[in-house]
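Worksheet: the structure to be examined is printed underneath.
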Amino acid sequence: MGSRVLLLATKDTIAYRRRAGRESVASGAQLLAAAGPVGAEVTVVDVTSEPGWDISPTTMLALGRRVRQAAGEYDGVVLTHGVDTVEETAYLVDLMAGPAAERAAIVLTGAFRALDDADTDGPANLAAALAAAADPAARGLGALVCAAGELHAARWATLVDASGPGFSSAPSGPLARIVDGRVERLAAPPPRPPYGGGEPEWDVVLFKTHPGMDPELLAGLPDRGVQGVVLEGTGQGNVPASLFAAISDLIDDDVPVVIASRSHHPAGSGDLPRDIGMAERLGAIPARGLRADKARIALMAALGDGYGVDAVRAWFARL
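For the sequence shown, my numbering assigns the number 504 to the initial residue and increments by one for each residue that follows.
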């Protein structure tokens with residue numbers, strides 16, 4: 504008996520048709536037909552979602568729940584998604600999946616060009632994603648982003664070129680590629696993330712730091728209900744010294760502060776420069792190599808498993 508795969512179709516560019524002066528959106532069944540035979544028993548469910556560039560936290564969380572449930576019922580799950588934010592939803596799905604990721608392959612894919620464009624990439628991306636979801640070799644790898652025949656770990660996948668194919672896992676490289684409809688492994692996956700089963704906390708803010716940043720931007724956040732803060736620093740995670748007092752105040756209020764980097768290749772934990780070391784002494788938590796958008800998703804998941812600075816620090820230590 505072949506693998507059973509669930510296709511969750513959320514529309515976006517992969518389903519858009521724009522020719523002849525009329526716009527329309529293909530259904531999941533029409534997308535499946537365009538992808539061609541995939542050698543698996545595929546069930547299609549159309550899912551309501553905003554465009555990827557404007558997806559809401561509520562929708563992302565709902566998709567994470569949907570994938571987690573489906574991973575307990577199917578051999579593989581494919582979720583179509585807008586490419587703008589697919590890396591964030593993929594990482595949220597990865598963090599929410601827990602043990603379900605050991606039982607089923609989980610693959611997210613999308614397209615850079617509309618379905619009826621002459622050079623559309625959607626059908627090929629979907630065919631590759633479905634092939635990966637049907638292949639036992641993709642089970643246990645966690646959530647994957649599929650584009651241009653490559654499979655990227657959700658933790659590492661980054662959109663680097665919006666003109667397509669656009670995704671990179673640098674410096675780690677893709678986990679696998681699809682060759683003749685099968686998964687060909689290229690690298691070991693990242694460790695599975697902590698999983699406590701809690702629902703992610705959405706009241707987390709992200710600031711991109713810059714020279715001369717006003718520390719008052721961080722003042723009063725706990726009074727507004729903010730549960731966690733991510734600061735995107737420069738270089739290896741440096742943040743302006745003018746923010747140290749505000750960081751200390753947040754931590755005194757038991758609001759976790761995670762420090763990431765805008766660099767594509769930030770230092771990992773244990774290789775931190777003196778600047779971030781000073782912030783650490785104040786109680787800030789290094790992002791362990793995550794880019795800022797992923798660090799925000801991770802902090803949401805960490806807060807779902809336990810509130811407060813100490814609980815979040817312990818969670819990140821296991822990431």
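Virtual Cβ for every residue (Gly too), placed ideally from N, Cα, C.
With the rule of 3 Cβ pairs closer than 8 Å, the segment 509-522 counts as touching the segment 583-592. The segment 736-749 makes contact with the segment 715-722, as at least three CB pairs between them are under 8 Å.
Of the residues assessed, Thr623 falls on the buried side of the cut-off, its CB having 16 or more other CB atoms within 10 angstroms. In the displayed model, Ser745 falls within a helix according to three-state DSSP. In this structure, Gly505 places its C-beta atom within 7 Å of the C-beta atom of Glu544. Below 8 Å, enough C-beta pairs join the segment 755-767 and the segment 812-822 to call them touching: three or more. Under the three-pair Cβ rule at 8 Å, the segment 645-656 counts as touching the segment 626-634. Secondary structure note for Ile762: its beta strand (DSSP E) is the uninterrupted segment 760-764. In the DSSP assignment, Phe670 is bridged to Leu662.
In this chain, the beta strand (DSSP E) harbouring Glu687 covers 685-688. For Phe710, the enclosing beta strand (DSSP E) stretches over residues 707-711. Pro692 and Leu535 have their C-alpha atoms some 28 Å from each other. By the Cβ neighbour-count rule, Asp808 is buried, with 16 or more other Cβ atoms within 10 Å of its own.
Assignment of beta-bridge partners to His655 by DSSP yields Val648.
Listed in chain order, the non-local C-beta contacts of Ala538 below 7 Å within the same chain comprise Pro626, Leu629, Ala630, Leu633, local neighbours out to five positions each way being set aside. Within the same chain, and ignoring the five residues on either side of Gly701 in sequence, the residues whose Cβ sits closer than 6 Å to its Cβ are Gly807, Asp808.
Judged by DSSP in its simplified three-state form, Leu511 adopts strand.
In this structure Ala529 is in contact with Arg520, their Cβ atoms being roughly 6 Å apart against a cut-off of 8 Å. The beta-carbon distance between Lys711 and Arg765, rounded to whole angstroms, is 7 Å. This is short enough to meet the 8 Å contact definition. In this structure, the beta-carbon distance from Leu709 to Arg799 falls below 7 Å. Between Val596 and Gly567, the gap from beta carbon to beta carbon is short of 7 Å.
Shown here for Arg616: same chain residues with a beta carbon closer than 8 Å to its own, the five before and five after excluded, namely Thr516, Asp622, Thr623, Asp624, Gly625, Gly667 in chain order. Judged by beta-carbon spacing, Ala690 lies within the 7 Å limit of Gly676, meaning their Cβ atoms are closer than that value. Residue pairing by DSSP puts Ala608 in a beta bridge opposite Gly579. By the neighbour-count definition (other C-beta atoms within 10 Å, threshold 16), Ser559 is an exposed residue.
The Cβ atoms of Leu509 and Ala573 lie closer than 7 Å to each other.
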